[in-house]
Amino acid sequence: MNKINIAIDGPAAAGKSTIAKRVAEALRMVYVDTGAMYRAITLAHLNNQETSFKELVGQLELRLINDDGQRVLLNGEDITDRIRENDITENVSFVASQQEVREFLVQLQQLMTRDKGVVMDGRDIGTTVIPDAELKIYMIASVEERANRRLLDNAARGIVSTYDQLVADISERDHLDMTRDISPLSKAEDAIQIDTTGLTIDKVTERILALAEEKLQ
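Numbering (full-length UniProt numbering), first residue to last: 1 to 217.
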């Protein structure tokens, strides 16, 4: 079988990470959560707000460890759970819009995909990071559905949130992601769009796996 890269893009809480993990596991490929990488730098920024972004990224060692679920290490510290908290979510769009941050992470992400065999999810994967990916997916879902998903996910993590606030937060995040100057969220011309509203995780996974199998043969 050939080795391919799979790019999965879409707005916040569209189900990208959950689906990407399952696809990578089924195909025995490497999963890369780029959103977690931006969240990691957001945490570093909140802890060092007097430091410029150019200086900040030069001080960071960022690693993703695929061991019983992907763990995020920042300068050797496991911050996997910390970066899902509300203060990170509220600030990640701002941090992700910074040119120094995007250049740093895009270069790192491109190195990860050089040898192929990667399933990577984010917002500019098919358009900027790996525009030559053999399979590109653009996942969408209604704001209401995404708010409900995030509400359940936060509850499971012990994070306090409300449905109305999540609807407002996700709508604002969409606006910021789609209108930023650098690598805005957009659908690649050759991406296959999947509306996950009302679909189960299994159904979406099955569809992407079928598309991937066609590319792998």
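Idealized CB from N, CA, C, for every residue including glycine.
Note that the coordinates shown come from a computational prediction; the quantities given were computed from them, not determined experimentally.
Comparing alpha-carbon positions, which option in Gly76, Leu111, Asp115, Ala20 lies nearest Gly69?
Taking the sequence shown and counting its residues from 1, one reaches residue 69 at position 69. Answer by Cα proximity: Ala20.
Limits of the unbroken alpha helix (DSSP H) element including Met37
As a position in the sequence shown, residue 37 is number 37, starting the count at 1. Element bounds for Met37: 34 to 47.
Own chain residues within Cβ distance below 8 Å of Ala191, not counting five before or after
Within the sequence shown, residue 191 is the residue found at index 191, counting from 1. Within the same chain, Ala191 has close Cβ partners Ala7, Asp9, Gly126, Lys136, Ile137, Tyr138.
So Ala13 and Ile140 are supposed to be a Cβ contact under 8 Å. How far apart are they, rounded?
If you number the sequence shown from 1, residue 13 lands on position 13. If you number the sequence shown from 1, residue 140 lands on position 140. About 11 Å separates the two Cβ atoms, so there is no contact after all.
Among Thr51, Asp81, Gly76, Ile88, whose alpha-carbon lies nearest the alpha-carbon of Ala156?
Within the sequence shown, residue 156 is the residue found at index 156, counting from 1. It is Asp81.
In angstroms, rounded to a whole number, what distance separates the CA positions of Lys16 and Asn75?
In the sequence shown, counting from the first residue as 1, residue 16 sits at position 16. In the sequence shown, counting from the first residue as 1, residue 75 sits at position 75. When rounded, the distance between both Cα atoms is 26 Å.
To which residues of the same chain is Ile208 closer than 7 Å at the C-beta, ignoring the five residues directly before and after it?
On the sequence shown, residue 208 is found 208 positions in, with the first residue counted as 1. Cβ within range, chain order: Ile19, Val23, Ile137.
Report the CB separation of Ala44 from Leu56 in whole angstroms; it is logged as a contact under 8 Å.
Position 44 of the sequence shown holds residue 44. Position 56 of the sequence shown holds residue 56. Going by Cβ atoms, the distance from Ala44 to Leu56 rounds to 6 Å, so yes, they are a contact pair.
Ser161: which of Leu64, Pro11, Asp33, Asn86 sits nearest, CA to CA?
By 1-based counting over the sequence shown, the position of residue 161 is 161. Measuring from the Cα of Ser161, the nearest candidate turns out to be Asn86.
Please go through the same chain and pick out, in chain order, the residues whose beta-carbon is closer than 8 Å to the beta-carbon of Val129, but skip the five residues on each side of it.
If you number the sequence shown from 1, residue 129 lands on position 129. Taken in chain order, the residues that qualify are Ala7, Thr34, Val106, Gln109, Gln110, Thr113, Met120, Gly122.
Counting along the chain, where does the alpha helix (DSSP H) carrying Lys136 start and finish?
For the purposes of this step, residue 136 is taken as residue 136 along the sequence shown, with counting starting at 1. Lys136 -> not in any alpha helix (DSSP H); beta strand (DSSP E) instead, spanning 135 to 140.
Should Arg173 be labelled buried (16 or more other beta-carbon atoms within 10 Å of its own) or exposed?
Walking along the sequence shown from the start, residue 173 turns up at place 173. Buried, since its Cβ has 16 or more Cβ neighbours within 10 Å.
Going by Cα to Cα distance, which pick from Asp164, Glu206, Met37 is closest to Leu73?
Numbered from its first residue, the sequence shown carries residue 73 at position 73. If we check each option's Cα against that of Leu73, Met37 comes out closest.
Is the beta carbon of Leu166 closer than 7 Å to that of Leu176?
Along the sequence shown, read from residue 1 onward, the residue named residue 176 stands at position 176. Along the sequence shown, read from residue 1 onward, the residue named residue 166 stands at position 166. Not in contact: Leu176 and Leu166 (Cβ atoms no closer than 7 Å).
Would you give the residue range spanned by the beta strand (DSSP E) that Phe193 belongs to?
The residue given as residue 193 occupies position 193 in the sequence shown. For clarity, residue 193 is Gln in the given sequence; the question names Phe instead. That run of the beta strand (DSSP E) goes 192 to 195.
First through last residue of the beta strand (DSSP E) which encompasses Arg84
As a position in the sequence shown, residue 84 is number 84, starting the count at 1. First-last for Arg84: undefined, no H or E at that position.
DSSP state of Gln110, grouped into three classes?
As a working mapping, residue 110 is identified with position 110 in the sequence shown. Residue state, collapsed to three classes: helix.
From Pro11 to Phe94, what distance separates their C-alpha atoms?
Taking the first residue of the sequence shown as 1, we reach residue 11 at position 11. Taking the first residue of the sequence shown as 1, we reach residue 94 at position 94. Cα to Cα, the separation comes out at about 15 Å.
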